[in-house]
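Visitor: One structure coming up, written as structure tokens, with questions to follow.
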Amino acid sequence: MQWNELKPVLLAAVGLALAYPPVPAGFLVPFVLAYWFRHLQGLPPGTAFARGYLFGVVLGTLTLYWIAVNTIAGAVLAILINALQYAVLAWGFAWLYRRRPTLAWASLPLFWTALEFLRHFSDLRFNWLSLAYTQTYYLPFIQFIEWTGYLGLTALLVSLAVLWHRIQQLRKPLWREGALFLLLIALPLAYGTARMKTLRSQMYPGIRAGLVQPNVNPWHKWEPSFQDSAYQMLEEATKHLVSQNPGVKLVVWPETATPFFLRHETAYLHRLQHLVDSLKLYLITGTPDYRYFPAEKDVHTYNAAFFFAPQEPGFQAYYKMALVPVAETMPFKSWLPFLRHIDVGGGDFFPGKEFTVFLAQMPFRAGHFQNNRFVLLADSTAQSFRLGISTVICFESVFPHLVRRFVQRGARLLTIITNDGWFGPTSGPQQHARYAVLRAIENRVSIVRCANTGVSLFVDMVGSVFNKLGYNRAGTAVGDLPIYNHPTFYTRHGDWPGWLSLLFTPLVFSMGVRR
């Protein structure tokens with residue numbers, strides 16, 4: 372490949388990489404995509420596939436490099452598999468362009484949306500680089516995803532790219548295309564601005580929640596000699612948090628905060644129950660867990676979250692369903708059991724199967740927004756209300772089709788627990804944290820995000836992030852969170868843009884066959 376052929380691939384990949392967090396440059400997306408596809412016009416489909424794959428590899432290397440801090444095999448697998456989407460996109464565009472050029476451009480939003488949606492359905496699923504994630508800094512622009520989910524935002528961005536290409540390519544003034552381009556930006560902005568104003572003008576029930584970020588070395592904490600210190604640190608931090616912040620009713624600890632099988636450590640279970648009883652609060656902690664299946668003579672290990680309630684001995688458990696390929700489980704091991712015995716430095720966890728909703732009886736406190744921040748009123752009543760709380764663990768938070776199921780089943784507050792300390796002070800933890808913004812807006816829920824070390828934060832139901840704890844810092848944080856009780860259209864109906872795109876994409880390509 373000569374430089375004049377390689378240059379567009381590299382420039383487009385670098386440009387799109389710059390659009391992802393932590394750089395707030397998502398506005399680049401339509402222009403970068405228009406540039407990239409313009410250089411695919413007229414290429415043989417096989418050549419386009421190769422250049423699309425190279426584009427995907429470069430993009431993945433620039434945006435997913437941080438996975439290698441924990442697992443080189445996982446990083447290579449993620450980059451190489453993720454690149455296939457861009458290769459297939461390039462092939463499909465080039466194939467259709469040779470037959471129906473106008474249709475090739477017009478169908479790009481449909482084709483891209485379909486391929487993003489398909490990433491939900493595989494043991495190799497890795498939904499980290501959806502185009503929608505480039506827009507998390509533009510809150511007014513993305514409020515409409517309460518209707519469409521993230522796929523609607525992806526389709527809009529690609530549509531803008533198609534219009535920008537048309538404006539650039541044709542020499543005469545294109546008032547219609549220019550007006551439509553501006554309209555597709557102005558309408559979401561107008562809707563989002565009005566919607567945020569409306570949501571912030573009302574009163575809501577709310578709770579005061581706290582989180583503990585212990586900042587423990589993720590490798591060191593599994594050493595048996597350190598485990599008691601790890602627990603003691605969390606317990607003392609929780610007591611201090613509550614003593615300094617009256618009214619806290621929920622405290623969240625991060626993923627695998629207790630670095631042992633908590634279910635089978637009776638002494639620690641008693642200490643935890645005493646803690647929540649004495650402080651009169653609910654507590655969620657991440658922990659490993661296992662179950663023995665006598666019929667199979669097998670032990671299944673889980674990445675779990677336990678929920679403790681005051682004056683209610685015992686706990687409820689949730690098992691992580693979307694496991695990280697290679698790092699937490701070998702893909703396809705349920706069909707090919709021998710894969711469990713291949714050690715590439717990852718874990719051997721099994722996925723859970725239940726969308727668990729924890730139930731908490733919270734004292735009723737009302738609140739309202741002041742200067743775009745929700746604040747609880749000082750007075751509380753003797754009344755209480757039942758609050759559904761769900762936990763998603765780490766990687767699961769990038770899958771909106773999973774997250775919405777918790778809200779659909781009654782969760783009105785989400786907690787995200789994670790251990791992004793595996794990836795060091797890279798862009799990975801910052802990307803992961805920003806993606807929570809979309810989950811909050813899609814479902815109109817507030818979120819408590821608690822990490823072992825950075826980035827811990829709170830998100831309200833309009834996507835505003837506050838009281839953030841950065842990487843490599845131990846500490847606690849408290850946030851007042853509104854509870855919104857009206858499930859969104861997206862929560863109720865799911866990824867309908869994805870299903871529509873899957874339905875119509877084959878029809879579009881059949882039109883190319885019938886040229």
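Per the numbering used here, the very first residue in the sequence shown carries number 372; after that it's consecutive. For glycine and all other residues, C-beta sits at the position ideal for the given N, C-alpha and C.
#1: My output table needs one value for S827: the three-state DSSP class, helix, strand or coil.
#2: For T658 and T629, what's the separation of their Cα atoms in angstroms?
#3: Should the segment 740 to 750 be called in touch with the segment 790 to 808, which here means at least 3 C-beta pairs below 8 angstroms?
#4: Determine, using beta carbons only, whether N674 and I764 come nearer to each other than 9 angstroms.
#5: Figure out for me which residue from T727, H645, V697 and V695 has the closest Cα to the Cα of A676.
#6: Check whether the Cβ atoms of Y861 and E517 sit closer than 9 angstroms, and answer yes or no.
#7: Decide if Y391 is buried, meaning its Cβ has at least 16 other Cβ atoms within 10 Å, or exposed.
#8: Which residue's Cα is closest to the Cα of G397: W867, G869, Q802 and P868?
#9: Within its chain, find whatever has a CB closer than 6 angstroms to the CB of V879; leave out the 5 residues flanking it on each side and keep chain order.
#10: Touching or not, the segment 411 to 422 and the segment 459 to 475, by the rule of three or more beta carbon pairs under 8 angstroms?
#11: Count the other CB atoms, across all protein chains shown, that sit within 10 Å of the CB of V775; report buried if there are 16 or more and exposed otherwise.
#12: From P800 to V826, what does the alpha carbon distance come to, in whole angstroms?
#13: When DSSP builds the beta bridges, which residues end up paired with F492?
#14: For I516, does the three-state DSSP call read helix, strand or coil?
#15: Between the segment 538 to 558 and the segment 817 to 837, do at least 3 Cβ pairs fall closer than 8 angstroms?
#16: Which same chain residues end up closer than 7 angstroms to T434 when comparing Cβ atoms and leaving out the 5 residues on each side of it in sequence?
#17: For the segment 676 to 693 against the segment 428 to 444, are there 3 or more C-beta pairs whose distance is under 8 angstroms?
#18: For Q687, does the three-state DSSP call read helix, strand or coil?
#19: Please state whether the Cβ-Cβ distance between L640 and L650 is less than 9 angstroms.
#20: What are the uninterrupted segments assigned as beta strand (DSSP E) that are 3 or more residues long and contained completely in the segment 737 to 761, given in chain order?
#21: Mind checking who M733 pairs with in its DSSP beta bridge?
#22: Let me make sure I understand the geometry here. Which of G792, N375 and L809 has the alpha-carbon closest to that of Y521?
#23: Measuring straight from C-alpha to C-alpha, what distance separates P734 and F679?
#24: If contact is defined by three or more beta carbon pairs under 8 angstroms, each pair taking one atom from either stretch, is the segment 569 to 583 in contact with the segment 605 to 613?
#25: Assign P659 to one of three DSSP states: helix, strand, or coil.
#26: Can you give the Cα-Cα distance for L555 and L531, rounded to whole angstroms?
#27: Could you pull the start and end residues of the alpha helix (DSSP H) that V849 belongs to?
#28: Reducing DSSP to helix, strand and coil, say where K620 ends up.
#29: What residue ranges within the segment 782 to 838 form continuous alpha helix (DSSP H) runs of no fewer than 4 residues, ordered along the chain?
#30: So if DSSP puts Q323 in a beta bridge, which residue, or which two residues, is it bridged to?
#31: Would you call the segment 446 to 457 and the segment 419 to 430 in contact, with 3 or more CB pairs under 8 angstroms?
#32: Should L481 and Y855 be called a contact, given that it needs their Cβ atoms to be closer than 9 angstroms?
#33: Taking only the alpha-carbon atoms, compute the straight-line gap between V400 and Q754 and give it to the nearest angstrom.
#34: How is the beta strand (DSSP E) around P392 delimited, first residue to last?
Guide: So, to answer that:
#1: Taking the first residue of the sequence shown as 1, we reach residue 827 at position 456. In this structure, S827 counts as strand in the three-state DSSP scheme.
#2: Translated into positions along the sequence shown, residue 658 becomes position 287. Translated into positions along the sequence shown, residue 629 becomes position 258. Cα to Cα, the separation comes out at about 5 angstroms.
#3: no
#4: Against the sequence shown, residue 674 aligns to sequence position 303. Against the sequence shown, residue 764 aligns to sequence position 393. A contact, by the Cβ cut-off of 9 angstroms.
#5: Counting from 1 along the sequence shown, the entry for residue 676 is found at position 305. Nearest C-alpha to A676: T727.
#6: Here the question's residue 861 lines up with position 490 in the sequence shown. Here the question's residue 517 lines up with position 146 in the sequence shown. Against a cut-off of 9 angstroms, the Cβ pair of E517 and Y861 comes out as a contact.
#7: By one-based count along the sequence shown, residue 391 stands at place 20. Answer is buried; the Cβ neighbour count reaches 16.
#8: Here residue 397 refers to the residue found at position 26 when the sequence shown is read from its first residue. The candidate whose alpha carbon is nearest that of G397 is Q802.
#9: Residue mapping note: residue 879 aligns to position 508 of the sequence shown, counting from 1. Hits under 6 angstroms: S478.
#10: yes
#11: Indexing the sequence shown from 1 puts residue 775 at position 404. The question names Val, but residue 775 is Arg in the sequence shown. Looking at its Cβ environment, which holds 16 or more other Cβ atoms inside 10 Å, R775 is buried.
#12: Your numbering for residue 800 matches position 429 in the sequence shown. Your numbering for residue 826 matches position 455 in the sequence shown. The alpha-carbon atoms of P800 and V826 are separated by roughly 6 angstroms.
#13: One-based indexing of the sequence shown puts residue 492 at position 121. For F492, no pairing in a beta bridge is given by DSSP.
#14: Indexing the sequence shown from 1 puts residue 516 at position 145. Of the three classes helix, strand and coil, the one that applies to I516 here is helix, per DSSP.
#15: Under the Cβ criterion (8 angstroms, minimum of three pairs), the segment 538 to 558 does not count as touching the segment 817 to 837.
#16: For the purposes of this step, residue 434 is taken as residue 63 along the sequence shown, with counting starting at 1. The answer, listed in chain order, is A388, Y391 and L500.
#17: Segments in contact, no.
#18: Here the question's residue 687 lines up with position 316 in the sequence shown. Reduced to three states, the DSSP call for Q687 is strand.
#19: As a first step, residue 640 must be located in the sequence shown, where it is residue number 269. As a first step, residue 650 must be located in the sequence shown, where it is residue number 279. Against a cut-off of 9 angstroms, the Cβ pair of L650 and L640 comes out as no contact.
#20: 737 to 741 and 744 to 747
#21: Counting from 1 along the sequence shown, the entry for residue 733 is found at position 362. Under DSSP, the beta-bridge partners assigned to M733 are F756.
#22: Along the sequence shown, read from residue 1 onward, the residue named residue 521 stands at position 150. The shortest Cα separation from Y521 among G792, N375 and L809 belongs to L809.
#23: Position 363 of the sequence shown, counted from the start, is the residue given in the question as residue 734. Position 308 of the sequence shown, counted from the start, is the residue given in the question as residue 679. Near 17 angstroms, if we compare the C-alpha coordinates of F679 and P734.
#24: yes
#25: Residue mapping note: residue 659 aligns to position 288 of the sequence shown, counting from 1. Correct three-state label for P659: strand.
#26: As a working mapping, residue 555 is identified with position 184 in the sequence shown. As a working mapping, residue 531 is identified with position 160 in the sequence shown. In this structure, the CA atom of L555 is about 7 angstroms from the CA atom of L531.
#27: Walking along the sequence shown from the start, residue 849 turns up at place 478. V849 -> not in any alpha helix (DSSP H); beta strand (DSSP E) instead, spanning G846 to P853.
#28: Taking the sequence shown and counting its residues from 1, the one referred to as residue 620 is at position 249. For K620, the secondary structure class from DSSP, reduced to helix, strand or coil, is strand.
#29: Every unbroken stretch of the alpha helix (DSSP H) spanning 4 or more residues and falling wholly within the segment 782 to 838 is given here in chain order: 798 to 814.
#30: Lying outside 372 to 886, the shown extent of the chain, residue 323 is not represented and no answer is given.
#31: yes
#32: Walking along the sequence shown from the start, residue 481 turns up at place 110. Walking along the sequence shown from the start, residue 855 turns up at place 484. Not in contact: L481 and Y855 (Cβ atoms no closer than 9 angstroms).
#33: Translated into the one-based positions of the sequence shown, residue 400 becomes position 29. Translated into the one-based positions of the sequence shown, residue 754 becomes position 383. Distance between the alpha carbons of V400 and Q754 is about 49 angstroms.
#34: Numbered from 1 along the sequence shown, position 21 holds the residue referred to as residue 392. It is not in any beta strand (DSSP E) - P392 carries neither H nor E in the DSSP assignment.
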